[in-house]
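Chemist:
Protein chains: 2
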Amino acid sequence: MAERKRGTVRDLRRDNRSVLLRALYFGEPRSRQELSAETGLSPASVSNVVRDLMNEGIVVEVGSVDSDGGRPRVLLRVNPEYGQVIGVDVGETRVQVELFDLAMTERAKADYPLEHGHDPSEVVPRILAGVEAVMADAGVDASSVLGVGIGVPGVVRQRPEVIVEAQTLGWYSVPLERLLRAGTELPLLIDNGANTMGRAELWFGSGRGARNAVIGLIGSGVGSAVISDGSPDRGSDASAGEWGHTPLIVDGRRCRCGNIGCLEAYVGAEAMLERYTEAGGPPLSGDQETALASLILEAACPDTVAALIVDETVCYLGASIGGLINLLNPERIILGGWAGLLLGDRYLDALRAAASRHTLHHLYNTTSIELCRLGPDAVALGAATLPLENFLTG
Amino acid sequence: MAERKRGTVRDLRRDNRSVLLRALYFGEPRSRQELSAETGLSPASVSNVVRDLMNEGIVVEVGSVDSDGGRPRVLLRVNPEYGQVIGVDVGETRVQVELFDLAMTERAKADYPLEHGHDPSEVVPRILAGVEAVMADAGVDASSVLGVGIGVPGVVRQRPEVIVEAQTLGWYSVPLERLLRAGTELPLLIDNGANTMGRAELWFGSGRGARNAVIGLIGSGVGSAVISDGSPDRGSDASAGEWGHTPLIVDGRRCRCGNIGCLEAYVGAEAMLERYTEAGGPPLSGDQETALASLILEAACPDTVAALIVDETVCYLGASIGGLINLLNPERIILGGWAGLLLGDRYLDALRAAASRHTLHHLYNTTSIELCRLGPDAVALGAATLPLENFLTG
DNA sequence: CGAGTTAAATCAAGCCCTGAAATAAGCAGT
DNA sequence: ACTGCTTATTTCAGGGCTTGATTTAACTCG
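Order-wise, the sequence lines are chains A and B. With the first letter of the first sequence counted as 1, position 166 gets the number 166 in our numbering; the numbers rise by one all the way through. With the first letter of the second sequence counted as 1, position 190 gets the number 584 in our numbering; the numbers rise by one all the way through.
Below, the structure written as C-alpha cells:
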C-alpha cells in the first residue's frame, strides 16, 4: 500500500470527497444540508462534491422530504449499481467466490471444492475461474468491478510484494498476487481470512460503529483481529492478531505451534476434542465440526467428561478475553468462528462471567462481549470490503 | 481533545507546517531542499512555510554546507529557545516538576515531598508552586511556556472533563484540571504516568522511530503503554494498558486487584517479594526497592530461594511478553520501571529466551526486546512531551 | 396567488500548492 | 577579477479549493 499522498489542494478535495462518500455509504440517505452539518463542510462544498459524485454516477437522489414550509430536502445515497466488488474465501477444503453490489447484496456466488489438494497450482486457477464465473453470472463487466479481495488462512506479508505463508495449506512464501496477476487485470487485495472476517463484522455485523474492538475467531485454532481507532492494527509486519498463542497455562499442554500452554492448546476445536479424548470421553464420530457439536451437546448433562471440558474451556477463554480487555480496553469483544459460535450460542453468559472474573471492574463495565452476527460467508464478505474501502477512500 | 478540524485549505497549510516542523524537530538540521525531498512538498511550499516559521522565531538557520559547485545549502533546525515545556511527575511520595527547552534539555527542576499525605489539597498547590518555581528558576516568562504536562499514577479519563482515579493516592474522581485551572492560565495536559513514561522512551529513548511498540513498566505493579501506528493506543476510554492484569496462571495467586492469576500477582516487585517470603526466603531489610535489589543480588547464587523466585519470574514475564508479541506484532518491546530495570539489567537475555519460547517464530524474529534507556525522570520528561506534541501538531 | 420558509446552487474572495522562471551564492578555471 | 557553470532558494503566474453571501428553486399556508 503506497503512502497516501497529502499536502496539495487536490488531496484536500479527495479527502473531503471521501468523508462525504463514507458518510453517505454508512448512514441512511441524507440531504446535502444534513451532510454539511455532519461533516463540518460548508453547504457550498457539499454541493460541489455531490455534483461531481452524481455526474460520475456514484451518488443518486432517492426522493425527498418535505420541510415545513420550504423547499424539500433531496435525499442522497450511494448508488448500489455503480460498481461491484468480489470477495474470495480460500479455505482448506474449497474456494468460494462471491460478487456483491455496493450495498453488499450478494449478486452471484461460485464454489470450488479443492479435491486435488490445495497447492497454489490448484487454487489459483479456481480463484480466477470463480471471478470470471461470478461476473458472467451477475451479468457485469470487468470494467465495473472495483476489485477483488481475497482472504487466505495464513500470514500475509504485504511488502515488498504480497507473500502468503499458510501452513495449513502447505503454502510457503507463495507470491499469490503475482500468480493471480497473470490471469486478471482487476485490482487484487489479499489479507488473512480472520482479518477479512473481522472486517465484515466490523462493517456490517456486531462491530458496527465500534472504533476499538477485538474480534476473536475460534475455529480449529484461534485467531483474532484487533481494531484500534477504527482501523485494523496490523502490527509492524501485518501479522498481528495471533491471539491463539497467548500463554495461558505455564507448563501446560503443548500447542501445535510447538510452544507450551498457548490459549489455542485449550480453546480451539482441535484442542477441545483432544482434551476430551485425553480425559477419557467416549469417542465422537464425524468430522471436527460435528464432533465438536456433539461434545457441546453432551456437555449439557452435568458431570459428564464433556461438561468438564466445556466448563474448563469457558473458563480459559473467558480469562483470556479478560486479558484482552485489560490490555486494550476495547468497547466491544466480538466472538466468532464456527467453534466460537457453537460455544457462544450456549455459553455466552458463562463466558461473560468468566471474563469479568479476570477484568478490572471499570474496564469490564465499558466493554460488551458479543457474538458474530454474520454467517459462514463472512470471510468472503469481509474480503470484498477491501476493494470497497479503497473505493471509499478515493 | 477536540476533533481536529479538517477540510479547508487553511487546515492543509497547518498540516503541512506540522509535517515540516516534525521533520525538523526529530531529525538532524537539514536544508529546505532536503525537506522538500523528504516530505514530498514542493520546494516552493517548503520555502513559504519555512519563511513563516522563521518569522515566528520557531526555526533558525544554523550554518550551511557547500554543495559541489553550487549555492550552499542553508541548514535549518528548530530553535530550542523558542519556548519551554513543563513536565510534572506526581508520585506517591513526591511531586517533581521540570522545565525543558524545546530540545528537551532540562533547564530547571523542583521537588516537593508529600509529607502530609497525597490528598489533592496537598498535591495541587505543590504542582502550582513547582510550575512557578521552575519558571522563575530558569528565568522564563509564562508567555513562552507552551504548556504543562502532568503524569499521575492512575486512570485518567479525558472526557467530558479530565477526571483522575488514582487508588494509590486515594484519589477518586478528582477533577485535576479544574483544580489546577484556578491557579494557572497555562495549557494543562494530564495523562497516566506509565503512558507519559512510555512517551518519553518512544520519543527520546529506546523507542525512537518505532511505529509499533509496547512499553512495559514494572514497578511495584505492572503497567504498559501500547503504541500502535505511531501513537498511543488508549482504547475506548483512555484506559488501555493494564498489562499487569492479564491472566497468566489459571487458579493462581490472588492479585491485589481482587482477581486471580494476574501477571501482576507474580511479576511486580510487591508480588516477587511476597512470593519470596512465602517460599521461605530469609527476611530482606529496607523498603521495597532495596529489598528487591537484595533479592536479585541473592539470586545470583544458584539454588537459593531467591534464584528460584527470579527464575520463575523471568519465565512468567517472558511468557507474557511472548503473548504481547503474538497479539500485537510490535517491532519493539521496551521494558522499564524500576523493578523491570533491576530485573532486566541481569536477566535480559534470559527474558528474551523465555519470550522466544512463547512466541511464534516469524514474529519473534521481527521484534526486539530492550530496556528503557531513560532515567527516573522519564515520567516528567514524557509528560512534557504532551504540550510539545501539541506544539508540533500546530 | 402572493408571502413566507427552507434547500440548494452560484459567485466573488481569499488561500494554498505547484511548476517554471528568476535570482542568489558559491566553485573552477583563466 | 571575471566568466561560465552548478546548485539552492525565492518569486510568480496559474489553477484549485473552500467559504460566506447572495440567488435561485421549490414548497406551504393562508
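Just so you know, even glycine gets a beta-carbon here, dropped at the ideal spot from N, CA and C. Just so you know, these numbers come straight off a predicted model, no measurement behind them.
When Cβ atoms are compared, which residues of the region 289-321 of chain A fall closer than 8 Å to chain B?
Modeler: Listed by position, the residues of the region 289-321 of chain A near chain B (Cβ gap below 8 Å) are 315, 316, 319, 320.
Chemist: Measure the alpha-carbon distance for residue 1 (chain A) versus residue 646 (chain B) and round it to whole angstroms.
Modeler: Indexing the first sequence from 1 puts residue 1 (chain A) at position 1. Indexing the second sequence from 1 puts residue 646 (chain B) at position 252. Residue placement at residue 1 (chain A) is poorly supported in this model, since its pLDDT is 36, which falls under 50; the coordinates are not used for a value here.
Chemist: Spatial neighbours of residue 368 (chain A) within its chain, please: CB distance less than 7 Å, with the 5 preceding and 5 following residues excluded, ordered by chain position.
Modeler: Numbered from its first residue, the first sequence carries residue 368 (chain A) at position 368. Taken in chain order, the residues that qualify are 332.
Chemist: Could you tell me which chain A residues have their CB closer than 8 Å to the CB of residue 636 (chain B), listed as they occur along the chain?
Modeler: As a working mapping, residue 636 (chain B) is identified with position 242 in the second sequence. In chain order: 326, 327, 329, 360, 363.
Chemist: Could you work out which residues of chain B lie near residue 40 (chain A), taking near to mean beta carbons separated by less than 9 Å?
Modeler: Reading the first sequence from its first residue, position 40 is the one you call residue 40 (chain A). Ordered by position in chain B, the residues that pass the 9 Å Cβ test against residue 40 (chain A) are 397, 399, 400, 401.
Chemist: Once the 5 residues before and after residue 524 (chain B) are set aside, which same chain residues still bring their CB inside 7 Å of it?
Modeler: The residue labelled residue 524 (chain B) in the question sits at position 130 within the second sequence. Only 482, 489, 491, 504, 506 meet the Cβ criterion.
Chemist: Compute the beta-carbon to beta-carbon distance between residue 478 (chain B) and residue 542 (chain B), rounded to the nearest angstrom, for a pair I have assumed lies under 8 Å.
Modeler: Along the second sequence, one-based indexing puts residue 478 (chain B) at 84. Along the second sequence, one-based indexing puts residue 542 (chain B) at 148. In fact, because the Cβ distance is near 10 Å, the residues do not count as touching under 8 Å.
Chemist: Just tell me which of B:619, B:602, B:652, B:496 has its CA closest to the CA of residue 609 (chain B).
Modeler: Against the second sequence, residue 609 (chain B) aligns to sequence position 215. For the residues B:619, B:602, B:652, B:496, the minimum Cα distance to residue 609 (chain B) belongs to B:619.
Chemist: Residue 555 (chain B) lies in the beta strand (DSSP E); which residues open and close that run?
Modeler: Here residue 555 (chain B) refers to the residue found at position 161 when the second sequence is read from its first residue. From DSSP, residue 555 (chain B) is part of no beta strand (DSSP E); its letter is neither H nor E.
Chemist: Going straight from the alpha carbon of residue 142 (chain A) to that of residue 166 (chain A), what length do you get?
Modeler: If you number the first sequence from 1, residue 142 (chain A) lands on position 142. If you number the first sequence from 1, residue 166 (chain A) lands on position 166. Approximately 29 Å between the Cα atoms of the pair.
Chemist: Once DSSP output is grouped into helix, strand and coil, what is the label at residue 194 (chain A)?
Modeler: Taking the first residue of the first sequence as position 1, residue 194 (chain A) is located at position 194. Three-state DSSP puts residue 194 (chain A) in a helix.
Chemist: Mark residue 741 (chain B) as exposed unless 16 or more other C-beta atoms lie within 10 angstroms of its C-beta, in which case mark it buried.
Modeler: Along the second sequence, one-based indexing puts residue 741 (chain B) at 347. Residue 741 (chain B) should be labelled buried.
Chemist: Select from A:392, A:382, A:58, A:286 the residue whose C-alpha is nearest the C-alpha of residue 207 (chain A).
Modeler: Taking the first residue of the first sequence as position 1, residue 207 (chain A) is located at position 207. Out of A:392, A:382, A:58, A:286, A:382 has the C-alpha closest to the C-alpha of residue 207 (chain A).
Chemist: Beta-carbon separation of residue 192 (chain A) and residue 230 (chain A) under 8 Å?
Modeler: Against the first sequence, residue 192 (chain A) aligns to sequence position 192. Against the first sequence, residue 230 (chain A) aligns to sequence position 230. It is not a contact, given that the beta carbons lie outside the stated cut-off.
Chemist: Which first and last residues belong to the beta strand (DSSP E) in which residue 566 (chain B) is found?
Modeler: The residue you call residue 566 (chain B) lines up with position 172 of the second sequence. First-last of the beta strand (DSSP E) with residue 566 (chain B): 565-568.
Chemist: Identify every residue that forms a DSSP beta bridge with residue 262 (chain A).
Modeler: The residue labelled residue 262 (chain A) in the question sits at position 262 within the first sequence. Answer by DSSP bridge pairing, in chain order: A:247.
Chemist: When the Cβ atoms of the region 705-724 of chain B are set against those of the region 744-754 of chain B, are three or more pairs found closer than 8 Å?
Modeler: With the cut-off at 8 Å, the region 705-724 of chain B and the region 744-754 of chain B touch.
Chemist: Quick check on the DSSP output: the alpha helix (DSSP H) that includes residue 611 (chain B) runs from which residue to which?
Modeler: The residue you call residue 611 (chain B) lines up with position 217 of the second sequence. No alpha helix (DSSP H) contains residue 611 (chain B), which is instead part of the beta strand (DSSP E) from 607-612.
Chemist: What's the gap between the Cα of residue 584 (chain B) and the Cα of residue 698 (chain B)?
Modeler: Locating residue 584 (chain B) in the second sequence gives position 190, counting from the first residue. Locating residue 698 (chain B) in the second sequence gives position 304, counting from the first residue. The alpha-carbon atoms of residue 584 (chain B) and residue 698 (chain B) are separated by roughly 44 Å.
Chemist: Give me the residue from A:7, A:221, A:373 with the minimum Cα distance to residue 433 (chain B).
Modeler: Against the second sequence, residue 433 (chain B) aligns to sequence position 39. Closest option to residue 433 (chain B), Cα to Cα, is A:7.
Chemist: Taking residue 108 (chain A) as part of the beta strand (DSSP E), name the residues at either end of that continuous run.
Modeler: Translated into the one-based positions of the first sequence, residue 108 (chain A) becomes position 108. Looking at the DSSP string, the run of the beta strand (DSSP E) that includes residue 108 (chain A) is 106-113.
Chemist: Does residue 787 (chain B) pass the burial test, meaning 16 or more other C-beta atoms within 10 Å, or should it be called exposed?
Modeler: Taking the first residue of the second sequence as 1, we reach residue 787 (chain B) at position 393. With fewer than 16 Cβ atoms within 10 Å of its Cβ, residue 787 (chain B) is classed as exposed.
Chemist: Given residue 286 (chain A), which residues of its chain have a CB within under 6 Å of its CB, disregarding the five upstream and five downstream residues?
Modeler: Position 286 of the first sequence holds residue 286 (chain A). Around residue 286 (chain A): no qualifying Cβ.
Chemist: Within this structure, are the beta carbons of residue 306 (chain A) and residue 295 (chain A) separated by less than 8 Å?
Modeler: If you number the first sequence from 1, residue 306 (chain A) lands on position 306. If you number the first sequence from 1, residue 295 (chain A) lands on position 295. Yes, these two residues count as a Cβ contact at 8 Å.
Chemist: Could you tell me if residue 55 (chain A) is buried or exposed, where buried requires 16 or more neighbouring beta carbons within 10 angstroms of its beta carbon?
Modeler: Position 55 of the first sequence, counted from the first residue, corresponds to residue 55 (chain A). Exposed: under 16 other Cβ atoms inside 10 Å.
Chemist: If distances are taken between C-alpha atoms only, which option among B:757, B:657, B:474, B:399 comes closest to residue 423 (chain B)?
Modeler: For the purposes of this step, residue 423 (chain B) is identified with residue 29 of the second sequence, where counting begins at 1. Comparing Cα-Cα distances from residue 423 (chain B) to each of B:757, B:657, B:474, B:399, the minimum goes to B:474.
Chemist: Can you check DSSP and say which residues form a bridge with residue 628 (chain B)?
Modeler: Position 234 of the second sequence, counted from the start, is the residue given in the question as residue 628 (chain B). BP columns for residue 628 (chain B) are empty, so no partner.
Chemist: Nearest CA to the CA of residue 366 (chain A): which residue from A:41, A:210, A:50?
Modeler: Here residue 366 (chain A) is taken as the residue at index 366 of the first sequence, counted from 1. Comparing Cα-Cα distances from residue 366 (chain A) to each of A:41, A:210, A:50, the minimum goes to A:210.
Chemist: Return the Cβ separation of residue 200 (chain A) and residue 350 (chain A) in integer angstroms, given the expectation that the two are a contact with Cβ distance under 8 Å.
Modeler: Stepping through the first sequence from its first residue, residue 200 (chain A) is reached at position 200. Stepping through the first sequence from its first residue, residue 350 (chain A) is reached at position 350. Actually they do not touch by this definition, with Cβ atoms about 26 Å apart.
Chemist: Residues of chain B with CB under 7 Å from residue 259 (chain A), in chain order?
Modeler: Within the first sequence, the letter at position 259 stands for residue 259 (chain A). Correct list: 751, 752.
Chemist: Taking its Cβ as the centre, do 16 or more other Cβ atoms sit within 10 Å of residue 9 (chain A), making it buried, or is it exposed?
Modeler: As a position in the first sequence, residue 9 (chain A) is number 9, starting the count at 1. Burial call: exposed.
Chemist: For residue 283 (chain A), is the classification buried or exposed, using 16 other Cβ atoms within 10 angstroms of its Cβ as the cut-off for buried?
Modeler: On the first sequence, position 283 is the one that residue 283 (chain A) refers to. By the 10 Å Cβ count, residue 283 (chain A) comes out exposed.
Chemist: Output yes or no for whether 8 Å exceeds the beta carbon distance between residue 338 (chain A) and residue 219 (chain A).
Modeler: Indexing the first sequence from 1 puts residue 338 (chain A) at position 338. Indexing the first sequence from 1 puts residue 219 (chain A) at position 219. In contact: residue 338 (chain A) and residue 219 (chain A) (Cβ atoms closer than 8 Å).
Chemist: Check whether the Cβ of residue 211 (chain A) lies closer than 8 Å to any Cβ atom in chain B.
Modeler: Counted from its first residue, the first sequence places residue 211 (chain A) at position 211. So, interface residue.
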